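Undergrad: In my numbering, the protein residues as written are 93 to 366. Ideal Cβ positions, reconstructed from N, Cα and C, are used throughout, including at glycine. As the structure is a prediction and not an experimental result, all values here were calculated from the model.
1. For residue 267, is the classification buried or exposed, using 16 other Cβ atoms within 10 angstroms of its Cβ as the cut-off for buried?
2. Distance check for residue 365 and residue 198, CA to CA, integer angstroms please.
3. Could you spell out the range, first to last residue, of the beta strand (DSSP E) harbouring residue 167?
4. Could you pull out every residue in the same chain whose Cβ sits closer than 6 Å to the Cβ of residue 180, ignoring the five residues on either side in sequence?
5. Who are the near neighbours of residue 306 in its chain, counting only those whose CB is closer than 8 Å to its CB and skipping five residues on each side?
6. Do you know offhand how far residue 205's Cα is from residue 157's?
7. Based on DSSP bridge pairs, tell me the residues matched to residue 292.
8. Tell me which residues share the same chain as residue 147 and place their Cβ nearer than 6 Å to its Cβ, disregarding the 5 neighbours each side in the sequence.
9. Quick one: is residue 298 near chain C, going by C-beta distance under 8 Å?
10. Taking DSSP's pairing of strands, which residues face residue 223 in a bridge?
11. Check whether the Cβ atoms of residue 229 and residue 320 lie closer than 8 Å to each other.
12. Is it buried or exposed for residue 304, if we count other Cβ within 10 angstroms and need 16 for buried?
13. Do the CB positions of residue 238 and residue 355 come within less than 8 Å of each other?
14. With 16 other CB atoms within 10 Å as the buried threshold, where does residue 115 fall?
15. Below 8 Å, can you find three or more Cβ-Cβ pairs linking the stretch 150-168 to the stretch 127-140?
16. Quick one: grab the DSSP three-state call for residue 154.
17. First and last residue of the alpha helix (DSSP H) that includes residue 354?
18. Using the three-state DSSP reduction, which class does residue 98 fall into: helix, strand or coil?
19. Would you list the residues sitting across from residue 334 in a DSSP beta bridge?
20. Keeping to the same chain, check which residues put their C-beta closer than 8 Å to that of residue 358; ignore five residues upstream and five downstream.
21. When we look at the beta-carbon of residue 264 and count the other beta-carbons within 10 Å, is it buried (16 or more) or exposed?
22. Would you say residue 242 and residue 286 are within 8 Å of each other, going by their C-beta atoms?
23. Suppose you measure from the CA of residue 361 to the CA of residue 289; what does that come to, to the nearest Å?
24. Please go through the same chain and pick out, in chain order, the residues whose beta-carbon is closer than 6 Å to the beta-carbon of residue 137, but skip the five residues on each side of it.
25. Comparing C-alpha positions only, which one of 318, 330, 231 and 209 sits nearest to residue 344?
26. Can you check which of these residues, 194, 214 and 195, is closest to residue 202 by C-alpha distance?
27. Would you mind stating whether residue 236 and residue 353 have Cβ atoms separated by less than 8 Å?
28. Quick one: grab the DSSP three-state call for residue 117.
29. Do you know offhand how far residue 325's Cα is from residue 224's?
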């Protein structure tokens, strides 16, 4: 009897005293079409966060996670006092929609002179109005896009349905951009150089938010463009590229407004935005 009790007690100590399993945003709010971040978003994801290229010799290396955050120690060791740029931002959704850029001049920057670029104390990717990722994310007519980002110039837009679907762009003139019938979120009221959670939800109508404050709303007659082709700008015209920082971007082929509060809370708990 004593032996049984001792054994049971030992099992409780070894099996019940460990750390709770990691639960990421995508574990709680599953079904993302594509998801990019510099933190781990899904428990079952076993891949890396990014692939980087250092300026000194153009060598490349995959950078993963430590304690579910970007391994900045491995990143700075690899950068070795120079600049580093992201060639691939890996999709954590499980759908393999990796965002890539093979042209060195167009690769977003993550290390400057050996130091990781930060926003609000967290690693981020810097887009300077020329840098852009290529992607091919298939979405449905109902879509949700959520991004943690900082804009450096106005105006800026989260997504557009102009038959060349883009995510996070800036530099469009209002008249030119409004000639398209697709949904768009003009990020003009929020301050520049301040990280924010930007979201847009699209069905037959669309509504957008900045830190849970409603922004643009309206209807759209153009839901035929259901592929995000680029992240960070308009591929066909280099004048329309995003100027700012992007830390996280998640796309759903569904209207996630019912989960908006929980998604915002998860993001804000990690990034301490507002």
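TA: Inspection of the coordinates gives the following:
1. As a first step, residue 267 must be located in the chain shown, where it is residue number 175. In this prediction, residue 267 has a pLDDT of 34, which is less than 50 and means its spatial position is unreliable; what the coordinates show is noted afterwards. Of the residues assessed, residue 267 falls on the exposed side of the cut-off, its CB having fewer than 16 other CB atoms within 10 angstroms.
2. As a working note, residue 198 is residue 106 in the chain shown. As a working note, residue 365 is residue 273 in the chain shown. So the alpha carbons of these two residues sit roughly 28 Å apart.
3. In the chain shown, counting from the first residue as 1, residue 167 sits at position 75. DSSP places residue 167 outside any beta strand (DSSP E); the residue lies instead in the alpha helix (DSSP H), whose first and last residues are 164-171.
4. Position 88 of the chain shown, counted from the start, is the residue given in the question as residue 180. Taken in chain order, the residues that qualify are 143, 190 and 192.
5. Taking the chain shown and counting its residues from 1, the one referred to as residue 306 is at position 214. Cβ within range, chain order: 299 and 300.
6. The residue labelled residue 205 in the question sits at position 113 within the chain shown. The residue labelled residue 157 in the question sits at position 65 within the chain shown. Whole-angstrom Cα-Cα distance: 22 Å.
7. Counted from its first residue, the chain shown places residue 292 at position 200. Beta-bridge pairing links residue 292 to 237 and 300.
8. For the purposes of this step, residue 147 is taken as residue 55 along the chain shown, with counting starting at 1. Closer than 6 Å at Cβ, skipping near neighbours: 174 and 175.
9. The structure shown has no chain C; it contains just one protein chain.
10. By one-based count along the chain shown, residue 223 stands at place 131. DSSP, once it has assigned bridges, lists no residue as partnering residue 223.
11. For this step, residue 229 is matched to residue 137 along the chain shown. For this step, residue 320 is matched to residue 228 along the chain shown. Yes, the pair counts as a contact, with Cβ atoms nearer than the cut-off.
12. Taking the first residue of the chain shown as position 1, residue 304 is located at position 212. Exposed, because fewer than 16 other Cβ atoms sit within 10 Å of the Cβ of residue 304.
13. Along the chain shown, read from residue 1 onward, the residue named residue 238 stands at position 146. Along the chain shown, read from residue 1 onward, the residue named residue 355 stands at position 263. Closer than 8 Å, so yes.
14. For the purposes of this step, residue 115 is taken as residue 23 along the chain shown, with counting starting at 1. Exposed.
15. Cβ pair count under 8 Å is three or more, so yes.
16. As a working mapping, residue 154 is identified with position 62 in the chain shown. Looking at residue 154 - three-state DSSP - the assignment turns out to be strand.
17. On the chain shown, position 262 is the one that residue 354 refers to. Taken as a continuous stretch (DSSP letters only), the alpha helix (DSSP H) holding residue 354 covers 352-363.
18. Along the chain shown, one-based indexing puts residue 98 at 6. Residue placement at residue 98 is flagged as unreliable, the pLDDT there being 41, under the threshold of 50; the coordinate-derived value follows with that caveat. Here residue 98 sits in helix by DSSP.
19. The residue labelled residue 334 in the question sits at position 242 within the chain shown. Looking at the DSSP assignment, residue 334 forms no beta bridge with any residue, so it has no partner.
20. Residue numbering aside, residue 358 sits at position 266 when the chain shown is read from its first letter. So the list reads 117, 120 and 121, once near-sequence residues are dropped.
21. Residue 264 sits at position 172 when you count from the first residue of the chain shown. Unreliable positioning characterises residue 264 in this predicted model, as indicated by a pLDDT of 48, which lies under 50. A coordinate reading is not provided.
22. Taking the chain shown and counting its residues from 1, one reaches residue 242 at position 150. Taking the chain shown and counting its residues from 1, one reaches residue 286 at position 194. Yes, the Cβ-Cβ distance between residue 242 and residue 286 is below 8 Å.
23. Position 269 of the chain shown holds residue 361. Position 197 of the chain shown holds residue 289. Taking the straight line joining both Cα atoms gives about 12 Å.
24. Sequence index remark: in the chain shown, residue 137 carries index 45 (1-based). Taken in chain order, the residues that qualify are 184.
25. Residue numbering aside, residue 344 sits at position 252 when the chain shown is read from its first letter. For residue 344, the closest C-alpha among the options 318, 330, 231 and 209 is that of 231.
26. The residue you call residue 202 lines up with position 110 of the chain shown. Among 194, 214 and 195, the Cα nearest to that of residue 202 is on 214.
27. Working through the chain shown from its first residue, we reach residue 236 at position 144. Working through the chain shown from its first residue, we reach residue 353 at position 261. It is not a contact, given that the beta carbons lie outside the stated cut-off.
28. Along the chain shown, read from residue 1 onward, the residue named residue 117 stands at position 25. Residue state for residue 117 is assigned as helix, using DSSP reduced to three classes.
29. Counting from one through the chain shown, the residue named residue 325 turns up at place 233. Counting from one through the chain shown, the residue named residue 224 turns up at place 132. Approximately 6 Å, taken between the alpha carbons.
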